[in-house]
Amino acid sequence: PSAPRHTNRLINEKSPYLLQHAHNPVDWYPWGQEAFDKAKRENKVIFLSVGYSTCHWCHVMEEESFKSKEIGEIMNKHFVCIKVDREERPDVDKVYMTFVQATSGGGGWPMSVWLTPDLKPFAGGTYFPPEDGFHRIGFRTVLLRIAEQWQENKDALLESSHRILEALRQTSEIHVQGQESPPPSKEVMDTCFQQLSRSYDEDYGGFSQSPKFPTPVNLNFLFTYWALHRTTPEGARALQMALHTLKMMAHGGIHDHIGQGFHRYSTDQHWHVPHFEKMLYDQGQLAAVYSRAFQISGDKFFADVARDILLYVSRDLSDQVGGFYSAEDADSYPTTTSGEKREGAFCVWTAEELSALLPDPVEGATQGTTLGDVFMHHYGVKETGNVDPMQDPHQELKGKNVLIAQCSPELTAARFGLEPGRLDALLQECRHRLSTARAQRPRPHLDTKMLAAWNGLMISGFAQAGAALAEQGYVHRAAQAAAFLRTHLFDPTSGRLLRSCYRGKDNSVEQSAMPIQGFLEDYVFVIQALFDLYEASLEQGWLEWALHLQHMQDKLFWDPKGFAYFSNEAGDPSLLLRLKGDQDGAEPTANSVTVTNLLRAACYSGHMDWVEKAGQILAAFSERLQKIPIALPEMARATAIFHHTLKQVVICGDPQGEDTKEMLHCVHSVFSPNKVLMLADGDSAGFLYRQLPFLVSLERKDGKATAYLCSNFTCSLPVTSVQELRGMLSP
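Shown next, in the form of structure tokens:
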């Protein structure tokens, strides 16, 4: 390739997203003092562009506008241009997304915002086409108009930006009202269930018409609601809604039937045509949710989907040193000679390709049946392609097929006169062949940035699957990733987490010249991961680190006046707002997860201040939890755990003893949302015994592994049989 014609300051960054823009003709700056000083010195408007490396529309806007020499000249002449990777700097993203959503009624990426030299926003939007069209104003026009307004009406823009910021400051504040206490659990849970039930799609599962996101937070809420209402019609409906959604997602095109894992979301009601990027945070949460579905139902189908996700992550998103990469892109080159990337090119098929790859006649099937006939029938393949043109505005998928399991194995088998067991083997052979063929295609871009928060979610996925599916290999992989975090994303001198690290040359792990400090979500998801890993492995070192991080989280982020945690530390003058997330979306918001973390931390440490903090968070969000709990299903779930009090399940026994292993297997096989597990192995000098002196009084009965169910450190009578233990665990 010829040498690039342009190189800007982003060439010195580590983020794959920023590096993608390092050769634009735009004079991009990273977020930082150099850019801020230039804007003030030259009295220029700042143009802030925020995106991420696997964002389809970010690529489109780069191709159309940021690679344009003419548009680049306008940007460089009139603005100081800053690029931000939202995954590196969620704090910057959140401040300006709050502005864009408040002023335009929508949001998304790429996010385009214009700021005064003192960083106050006054205009913004998302994707802009380069030129004016019938329905949208073009980016070039917006740039020229804003430049003109800054010259002619600067004072009005400054006044407007000041007013907007004050309004945002008031509307975004979340704090406890007076002497407010946590909201009543039953009311919050029932309202959230009713709101989810009303938005539920009876036919295809999920909680909207389109687009459809996996939203594991909704499914986790429904599992907990079922566990607390097992004998009621509402409980049965909650379980049916969750399991049906998980089955429809697994059958759909949002699930990669050839390469495993899940795409980010479906553009249609049927889970069929996705946006094809694959995000680590989805894989981590979905592995845990499918494992829980298996725990509850005993249906091997859900266990197989969990294994499928973990296979994908182990193979395609794993760093050699132990961390997990962030994402795979939606766009790729259709062939090695293509000059232009297309969305979904790596994943879609023509009927002709499939017929050529699967020509073999199928013995015992109806006359003339080939492997291709069976496979294409089962996965809804059509000669002319199976993508509705409405889901394909740029015609990138014309004539192509997104695989979707449209028939049950029984129906497909009956159609071709096959035994159902035989069909499974045939489809597996087909998928293996297609996987080999697909490996010859150019792969999508891989974002090799490693984030503490998302690695935490993935560790939880491996640890919970390892426990529920009795797969020690998964627990080992979770421990390997946790050790990676401790080595590369934790500063032992300060005791603090770092946000990100990067795959460097020769598969080394690199850090930025100025490492980004961890945000609230990094602490919360890593602490949750360490608790999950302790329960799966019973290695007390993970527990000790989790409690240390919880103390550090309190110190850095707690709001002692309004309660709950801020998303970022105090003291950064470039951040105009210090916010608290108030919505569980594709990922749960950190304050939602931390309620349960605090309750678990109190059970493992006896530090009851943490229970008080959990209640204060619920009090701070009380109004939202009572009016629209569907916006916070993870926090709604936590209200139930808070009010029902976590049960401490203590197993006294030799960790290597078969009787101890049987009891642990029993605990792991039962879905019980309001329990914590601990092993009292008799080592009175160990970390747990130092934290919880009451453990010393618990003994094995008749020399056998013995279980106790404790609440607020008061314990039940001991039990030594697995049957009694199972009965104890059921609510």
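Just so you know, the sequence shown maps onto residues 1 to 731 in the UniProt record's numbering.
Just so you know, even glycine gets a beta-carbon here, dropped at the ideal spot from N, CA and C.
As the structure is a prediction and not an experimental result, all values here were calculated from the model.
Which one or two residues does DSSP pair with glutamine 517 in a beta bridge?
Leu498
Verify the contact flag: tryptophan 57, CB atom, against every heavy atom of the ligand COA, threshold strictly below 7 Å.
In the structure on display, the ligand COA does not appear, and there are no ligands present to speak of.
I'd like the span of the alpha helix (DSSP H) that includes cysteine 603, first residue to last.
590 to 605
Take the Cβ of serine 605 as the centre, count every other Cβ of all protein chains shown within 10 Å, and call the residue buried at 16 or more, exposed below.
With 16 or more Cβ atoms within 10 Å of its Cβ, serine 605 is classed as buried.
Specify the secondary structure class of tyrosine 96 as computed by DSSP and reduced to three states.
Reduced to three states, the DSSP call for tyrosine 96 is helix.
Any idea if methionine 97 is buried or exposed, counting beta-carbon neighbours within 10 angstroms, 16 or more meaning buried?
buried
So, helix, strand or coil for isoleucine 630, using DSSP?
helix
Are the segment 258 to 269 and the segment 426 to 438 touching by the rule of at least three beta carbon pairs closer than 8 Å?
yes
Top-ranked residue by Cα proximity to asparagine 597, from Phe531, Ala636, Pro588:
Phe531
Which residues share a DSSP beta bridge with glutamine 648?
Val676, Cys710
Does the structure place the segment 337 to 344 close enough to the segment 381 to 401 that three or more beta carbon pairs sit under 8 Å?
yes
Which residue from Glu429, Leu286, Asp554 puts its Cα closest to that of leucine 457?
Leu286
Given glutamine 540, which residues of its chain have a CB within under 8 Å of its CB, disregarding the five upstream and five downstream residues?
Tyr534, Gly686, Phe687, Leu688
Let's test the definition: count the other Cβ atoms within 10 Å of the Cβ of lysine 212 and tell me whether it reaches 16, buried, or not, exposed.
buried
Pair within 8 Å by beta-carbon distance, tryptophan 109 and tyrosine 52
yes
Cβ neighbours of aspartate 654 in the same chain (closer than 6 Å, five flanking residues each side left out):
Thr660.
Identified DSSP bridge partners for leucine 729
Leucine 729 pairs with nothing; no bridge assigned.
Contact set for histidine 377: own chain, Cβ-Cβ below 8 Å, skip 5 residues either direction:
Cys407, Thr412, Arg415, Phe416
Mind checking which residues open and close the alpha helix (DSSP H) that includes alanine 123?
It is not in any alpha helix (DSSP H) - alanine 123 instead sits in the beta strand (DSSP E) that spans 121 to 125.
For tyrosine 333, I'd like the list of residues in its chain whose CB is within less than 6 Å of its CB, leaving aside the five on either flank, ordered along the chain.
Lys341, Pro442
On the DSSP bridge list, what partners appear for leucine 115?
Beta-bridge partners of leucine 115 (DSSP): Ile46, Pro121.
Excluding sequence positions up to five away, which residues of its chain have a Cβ less than 7 Å from the Cβ of alanine 123?
Trp114, Ile146
Tell me where the beta strand (DSSP E) around cysteine 81 begins and ends.
79 to 85
Report all residues from its chain with a CB closer than 6 Å to the CB of leucine 729; omit the five preceding and five following residues, and keep chain order.
So the list reads Val670, Ser672, once near-sequence residues are dropped.
Completely contained alpha helix (DSSP H) runs for the segment 149 to 182, where each covers 4 or more residues:
154 to 171
Taking the continuous alpha helix (DSSP H) assigned at tyrosine 312, which residues delimit it?
300 to 316
List the whole-angstrom C-beta distance separating threonine 267 from serine 318, where the pair is believed to meet the contact cut-off of C-beta under 8 Å.
Incorrect: roughly 29 Å between the Cβ atoms, too far for contact.
Is alanine 454 helix, strand or coil by DSSP?
Here residue 454 is tryptophan; the residue named in the question, alanine, does not match the sequence. It is helical.
Please report how far the alpha carbon of serine 697 lies from the alpha carbon of proline 718, in whole angstroms.
12 Å
What is the DSSP secondary structure of arginine 503, counted as helix, strand or coil?
strand
Whole-angstrom C-beta distance between valine 84 and aspartate 93, which should lie under 8 Å
7 Å
Put residue 732 into one of helix, strand or coil per three-state DSSP.
With the chain covering 1 to 731 only, the question about residue 732 has no answer from this structure.
Shortest alpha-carbon distance to leucine 219 belongs to which of Asn24, Lys154, Cys192?
Looking at Asn24, Lys154, Cys192, the one whose alpha-carbon comes closest to that of leucine 219 is Cys192.
Quick check: what's the CA-CA separation for proline 25 versus leucine 10?
Our two residues, proline 25 and leucine 10, have alpha carbons roughly 12 Å apart in a direct line.
With a Cβ-Cβ cutoff of 8 Å, do proline 216 and valine 305 count as a contact?
No. Outside cutoff.
On the premise that tyrosine 379 lies in contact with leucine 403, defined as a C-beta separation below 8 Å, what is that separation, rounded to the nearest angstrom?
The Cβ separation is near 4 Å, so the contact holds.
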